[in-house]
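Worksheet: the structure to be examined is printed underneath.
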């Protein structure tokens, strides 16, 4: 049997992840467990946003809108009958009788189904929104998707009967544990990574690099964009479903511009276009935010953490616009023996001096083959 | 009934003036740098905070207004120098992201300042005595603030028009907007033009902020978010980058916005006997008063449709290929 290096390195990564999660669980610290779950949710959000904003170059500000829809759809579907009667008395009949909180042994099968339903519904919404918005170019995608974010918020606040409006929504079951959260994170990473290496992914990058050139050689523009938008929305909703069953009380205000900015920071710090970069970006920003939050709580200087993050973000854009990874990917191959390959990175970077044996002033250069 | 519509119309005129002052600033900067300045609303917010904190320091109202205006313009210039100039000519998205960061920094600075001054997050902002109360115009009772917003907006926009079309600096601004490299080759100092644009935009934002906060009655670090969104829409309606389009778009948006407010729940205030009971019930059903709270959603659906079908604004005819 042929030894597959890629498979082996994936296995090693997943193996180390399992060991790390096992350690977190064994530590028995609910703080670290909570942080690890939150990190997984941010990994899902950032990696899936990267699919749109990093791969196709269209900056979407609506990702948290998809997440918010996922949160509410999943939360409403899984709420138990008694709680539904108390919290959401105005639900339409068919929805009031539905409660996807069944367990099949240790597996919360109802919640899984609810997550998939949320993902599919939100993907359909993304298909409708995207077929309009993805025709725009450049920064106007940002304005239009910001509009989508506002629309989602207005609807969530005003649809009292379904969402309790701006009041807190609570009463869910904490289904999200370390393993489910990171399981979904691995699925997201795998899917997005596969998309990047697929012909679809290459079409996305091609039209990002030069739309007209891509179109002139027959590469479709709208289809890959739409595909990115829809898949991205699906995982946005999955992140929402994980969030809803981890943070058990929330209101529409939690899913607005602040969270959007946080995820965008992770994305840009990691590198637009790099899947592993998004994971690193999420790790860095979750860690930095946590430290800053503690400093802020200690000193009572609210705003300090936001200012620091803003300055950090600004510095990244100005001095290192490619973020940590650019469009490159981290792999065990790259770590072993040689530096990560930088040749495909965009902008800014100049190749290092190479000992080129064909240069005339090189004493070891071969003679001209005359 | 007619008075009711007229009343809503005056509200729209006043809101439109505020939107116009914001939208013109956005359009001015966009036309020159191709930057959608998301931080513009936060510049407006910072202006209000400068005024309030000057008041806390015991400075009377007129010098406070001056501090607000000058301070905001300075902040606008610093913002341009630090966050936008290094990225000029780079990818559009870098400028956009940079403006997010600036907005984040400004908002949190306001938060930190309130904290350091021992003030709550929500600070009350009473309208000045001169502008509180209402004046009666025929059958209408119009708040003085609305009248002031409309008058100040009109005067400032007229001055801006004169500046842009009649002065050398204004004309060079148009030249830079038309073609930056060519303008530079003609000896126009591009940096100076960009700085003037930011100064004008920030100054207008400061005035708009003061009027907006007076109407709202209280301020918080996020107060710039909604107005800047409205200004985006206004600018998009007018064709992003066109100044006259932005003004037109602002008033159009303001009138569009009062439509749901005006007609939602209109059945309740229809004078009895104007329509038959059946029609009355139909209207009540189609236009329930709860519809009004979906106003922002309608407005943004309109924005997205506008971007799709009329990407160059209502003023320009056929869409050019690549913009937006």
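Protein chains in written order, with our numbering: chain A, 1434 to 1803; chain B, 1256 to 1579.
By construction, the Cβ of each residue, glycine as well, lies at the ideal position given by its N, Cα and C atoms.
>> Just to make sure I have the definition right: I need the residues of chain A whose C-beta is within less than 9 Å of the C-beta of residue 1551 of chain B. Which are they?
In response: Your numbering for residue 1551 of chain B matches position 296 in the second chain. For residue 1551 of chain B, the C-beta contacts it makes with chain A under 9 Å involve 1583, 1584, 1586, 1587, in order along the chain.
> Is residue 1475 of chain A buried or exposed, if buried means 16 or more other CB atoms sit within 10 Å of its CB?
Replying inline: Translated into positions along the first chain, residue 1475 of chain A becomes position 42. Label assigned to residue 1475 of chain A: buried.
> Can you give the Cα-Cα distance for residue 1443 of chain B and residue 1419 of chain B, rounded to whole angstroms?
Replying inline: Residue mapping note: residue 1443 of chain B aligns to position 188 of the second chain, counting from 1. Residue mapping note: residue 1419 of chain B aligns to position 164 of the second chain, counting from 1. Near 15 Å, if we compare the C-alpha coordinates of residue 1419 of chain B and residue 1443 of chain B.
> Name the DSSP beta bridge partners of residue 1375 of chain B, please?
Replying inline: By one-based count along the second chain, residue 1375 of chain B stands at place 120. Looking at the DSSP assignment, residue 1375 of chain B forms no beta bridge with any residue, so it has no partner.
> From the beta carbon of residue 1499 of chain A, is the nearest beta carbon of chain B less than 8 Å away?
Replying inline: Counting from one through the first chain, the residue named residue 1499 of chain A turns up at place 66. With 8 Å as the cut-off, residue 1499 of chain A does not count as an interface residue toward chain B.
> Beta carbon of residue 1282 of chain B, beta carbon of residue 1496 of chain B: below 8 Å?
Replying inline: Within the second chain, numbered from 1, the residue matching residue 1282 of chain B stands at position 27. Within the second chain, numbered from 1, the residue matching residue 1496 of chain B stands at position 241. A contact, by the Cβ cut-off of 8 Å.
> How many whole angstroms separate the CB atoms of residue 1713 of chain A and residue 1758 of chain A, which I take to be in contact at a CB cut-off of 8 Å?
Replying inline: Position 280 of the first chain, counted from the first residue, corresponds to residue 1713 of chain A. Position 325 of the first chain, counted from the first residue, corresponds to residue 1758 of chain A. Correct: roughly 7 Å between the Cβ atoms.
> When the Cα atoms are used, what is the spatial distance from residue 1624 of chain A to residue 1437 of chain A?
Replying inline: By 1-based counting over the first chain, the position of residue 1624 of chain A is 191. By 1-based counting over the first chain, the position of residue 1437 of chain A is 4. Spanning the two alpha carbons is a distance of roughly 19 Å.
> Since residue 1398 of chain B sits in a beta bridge, which residues does DSSP pair it with?
Replying inline: Residue numbering aside, residue 1398 of chain B sits at position 143 when the second chain is read from its first letter. Its beta-bridge partners are B/1389.
> Can you find a CB in chain B that lies within less than 8 Å of the CB of residue 1483 of chain A?
Replying inline: Counted from its first residue, the first chain places residue 1483 of chain A at position 50. For residue 1483 of chain A, the answer is no, since every Cβ of chain B falls outside 8 Å of its Cβ.
>> List, from N- to C-terminal side, the alpha helix (DSSP H) runs of 4 residues or more that fit wholly inside the segment 1516-1552 of chain B.
In response: 1521-1524, 1532-1541
>> At the 8 Å Cβ level, is residue 1572 of chain A part of the contact set with chain B, yes or no?
In response: Taking the first residue of the first chain as position 1, residue 1572 of chain A is located at position 139. It does: the Cβ of residue 1572 of chain A has a partner Cβ on chain B nearer than 8 Å.
> What residues in the segment 1509-1522 of chain B bring their beta carbon closer than 9 Å to a beta carbon of chain A?
Replying inline: Correct list: empty, as no residue qualifies.
> Where does residue 1355 of chain B fall in DSSP's three states?
Replying inline: Taking the second chain and counting its residues from 1, one reaches residue 1355 of chain B at position 100. In this structure, residue 1355 of chain B counts as helix in the three-state DSSP scheme.
>> Residues in the same chain with beta-carbon distance under 7 Å from residue 1511 of chain B, minus the five sequence neighbours each way, listed in chain order, please.
In response: Locating residue 1511 of chain B in the second chain gives position 256, where the first residue counts as 1. Taken in chain order, the residues that qualify are 1554, 1557.
>> Which of the three DSSP states is assigned to residue 1284 of chain B in this structure?
In response: Your numbering for residue 1284 of chain B matches position 29 in the second chain. In the three-state reduction of the DSSP assignment, residue 1284 of chain B falls in the helix class.
> In this structure, does DSSP put residue 1555 of chain B in helix, strand or coil?
Replying inline: Here residue 1555 of chain B refers to the residue found at position 300 of the second chain. If DSSP states are grouped into helix, strand and coil, residue 1555 of chain B belongs with the helices.
> In the segment 1659-1705 of chain A, which residue ranges form an unbroken alpha helix (DSSP H) of at least 4 residues, counting only runs that do not cross its ends?
Replying inline: 1690-1703
> Using a Cβ-Cβ distance under 8 Å, would residue 1347 of chain B count as near chain A?
Replying inline: As a first step, residue 1347 of chain B must be located in the second chain, where it is residue number 92. Taking Cβ atoms only, chain A reaches closer than 8 Å to residue 1347 of chain B, which makes this a yes.
> How about residue 1703 of chain A and residue 1756 of chain A: are their beta carbons less than 8 Å apart?
Replying inline: Translated into the one-based positions of the first chain, residue 1703 of chain A becomes position 270. Translated into the one-based positions of the first chain, residue 1756 of chain A becomes position 323. Going by C-beta atoms, residue 1703 of chain A is nearer than 8 Å to residue 1756 of chain A.
> CA-CA distance, residue 1410 of chain B and residue 1698 of chain A?
Replying inline: Taking the first residue of the second chain as 1, we reach residue 1410 of chain B at position 155. Taking the first residue of the first chain as 1, we reach residue 1698 of chain A at position 265. Approximately 41 Å, taken between the alpha carbons.
> Which ranges does the alpha helix (DSSP H) cover as unbroken runs of at least 4 residues, wholly within the segment 1562-1631 of chain A, from first to last along the chain?
Replying inline: 1572-1591, 1593-1596, 1611-1630
>> Just verifying my parser: in three-state terms, what is the DSSP assignment at residue 1294 of chain B?
In response: Position 39 of the second chain holds residue 1294 of chain B. For residue 1294 of chain B, the secondary structure class from DSSP, reduced to helix, strand or coil, is coil.
> Would you call residue 1576 of chain B buried or exposed, if buried means 16 or more other Cβ atoms sit within 10 Å of its Cβ?
Replying inline: Along the second chain, read from residue 1 onward, the residue named residue 1576 of chain B stands at position 321. Reliability of the predicted coordinates at residue 1576 of chain B is poor, the pLDDT of 39 falling under 50, and no value is obtained from them.
> What distance in whole Å lies between the Cβ atoms of residue 1341 of chain B and residue 1751 of chain A, which are believed to be in contact at a cut-off of 8 Å?
Replying inline: The count along the first chain starts at 1 and reaches residue 1751 of chain A at position 318. The count along the second chain starts at 1 and reaches residue 1341 of chain B at position 86. Indeed, because the Cβ distance is near 5 Å, the residues count as touching under 8 Å.
> Got a sec? Which residues, its chain only, sit under 6 Å from residue 1552 of chain A by beta carbon, not counting five neighbours each side?
Replying inline: Position 119 of the first chain, counted from the first residue, corresponds to residue 1552 of chain A. For residue 1552 of chain A, where only same-chain residues beyond five positions count, the Cβ hits under 6 Å are 1667, 1670, 1671.
> What is the rounded straight-line gap between the Cα of residue 1737 of chain A and the Cα of residue 1371 of chain B?
Replying inline: In the first chain, counting from the first residue as 1, residue 1737 of chain A sits at position 304. In the second chain, counting from the first residue as 1, residue 1371 of chain B sits at position 116. So the alpha carbons of these two residues sit roughly 11 Å apart.
>> Using only the alpha-carbon positions, how far apart do residue 1570 of chain A and residue 1491 of chain A sit?
In response: Locating residue 1570 of chain A in the first chain gives position 137, counting from the first residue. Locating residue 1491 of chain A in the first chain gives position 58, counting from the first residue. Cα to Cα, residue 1570 of chain A sits roughly 7 Å from residue 1491 of chain A.
>> My output table needs one value for residue 1268 of chain B: the three-state DSSP class, helix, strand or coil.
In response: As a first step, residue 1268 of chain B must be located in the second chain, where it is residue number 13. Helix.
> Shorter than 8 Å from the beta carbon of residue 1577 of chain B to some beta carbon of chain A?
Replying inline: Start at 1 with the first residue of the second chain, and residue 1577 of chain B comes out as number 322. Unreliable positioning characterises residue 1577 of chain B in this predicted model, as indicated by a pLDDT of 42, which lies under 50. The coordinate reading is nonetheless provided below. Yes, residue 1577 of chain B counts as interfacial toward chain A.
> So, helix, strand or coil for residue 1774 of chain A, using DSSP?
Replying inline: One-based indexing of the first chain puts residue 1774 of chain A at position 341. Annotation note: pLDDT 47 at residue 1774 of chain A (below 50); position unreliable, no value reported.
> Distance, Cα to Cα, residue 1517 of chain A vs residue 1490 of chain B?
Replying inline: For the purposes of this step, residue 1517 of chain A is taken as residue 84 along the first chain, with counting starting at 1. For the purposes of this step, residue 1490 of chain B is taken as residue 235 along the second chain, with counting starting at 1. So the alpha carbons of these two residues sit roughly 44 Å apart.
> What residue from A/1754, A/1618, A/1639 has the CA that sits closest to residue 1716 of chain A's CA?
Replying inline: The count along the first chain starts at 1 and reaches residue 1716 of chain A at position 283. When only C-alpha atoms are compared, the closest one is A/1618.
> Does the beta carbon of residue 1657 of chain A come closer than 8 Å to any beta carbon on chain B?
Replying inline: Position 224 of the first chain, counted from the start, is the residue given in the question as residue 1657 of chain A. Not one chain B Cβ lies under 8 Å of residue 1657 of chain A.
> Could you give the distance in angstroms between the alpha-carbon of residue 1470 of chain B and the alpha-carbon of residue 1400 of chain B?
Replying inline: Residue mapping note: residue 1470 of chain B aligns to position 215 of the second chain, counting from 1. Residue mapping note: residue 1400 of chain B aligns to position 145 of the second chain, counting from 1. Roughly 7 Å separates the two Cα atoms.
>> Here's the rule I'm using: 16 or more other beta-carbon atoms within 10 Å means buried, otherwise exposed. How should residue 1544 of chain A be labelled?
In response: Residue 1544 of chain A sits at position 111 when you count from the first residue of the first chain. Under this definition residue 1544 of chain A is a buried residue.
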